[in-house]
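Novice: Attaching a single structure in structure tokens format; questions to follow.
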Amino acid sequence: MSFAFGFAIVIVIAIFVYTDAQKRGMNAFLWALGTLLFCIVFFPLYLILRNPVVLVLPPGVPGPVSTGPRLCATCGKYYEGAAQFCPHCGARQG
1 MSFAFGFAIV
11 IVIAIFVYTD
21 AQKRGMNAFL
31 WALGTLLFCI
41 VFFPLYLILR
51 NPVVLVLPPG
61 VPGPVSTGPR
71 LCATCGKYYE
81 GAAQFCPHCG
91 ARQG
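Note that the sequence shown ends on residue 94 in full-length UniProt numbering; no numbers are left out.
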């Protein structure tokens with residue numbers, strides 16, 4: 001009974017790893033197989049090493065726009081707008 005319960009938990013964890021790795025653009029099959037065979041090692045390793053989720057915007061949807069003040073990396077002063085050069089020190093903004 002306890003072996004079946006433990007094996008069921010490992011199966012659920014392996015399925016989670018497979019679907020999560022697919023969303024993150026990783027090799028889902030190998031991560032799930034490793035988790036299935038050596039859950040105690042691969043599951044924590046996967047949680048540490050997994051890639052961030054990549055969100056893809058549909059065509060025609062604009063990306064986020066920052067409307068607040070920006071910080072110049074050169075002089076450390078804030079300025080408004082999306083200037084290519086800092087109005088305080090003249091450094092190129094990226």
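In this text, a Cβ means the ideal position worked out from N, Cα and C, and glycines have one as well.
Measure the alpha-carbon distance for GLU80 versus PHE29 and round it to whole angstroms.
Specialist: 48 Å
Novice: Could you have a look at LEU55 and say whether DSSP puts it in helix, strand or coil?
Specialist: coil
Novice: Per DSSP, what kind of secondary structure is PHE38 in: helix, strand or coil?
Specialist: coil
Novice: List the residues that DSSP assigns as beta-bridge partners of ARG92.
Specialist: Beta-bridge pairing links ARG92 to PHE85.
Novice: By Cβ distance below 8 Å, which residues in the same chain neighbour MET26 in space, the five residues on each side in sequence not counted?
Specialist: ARG50 and ASN51
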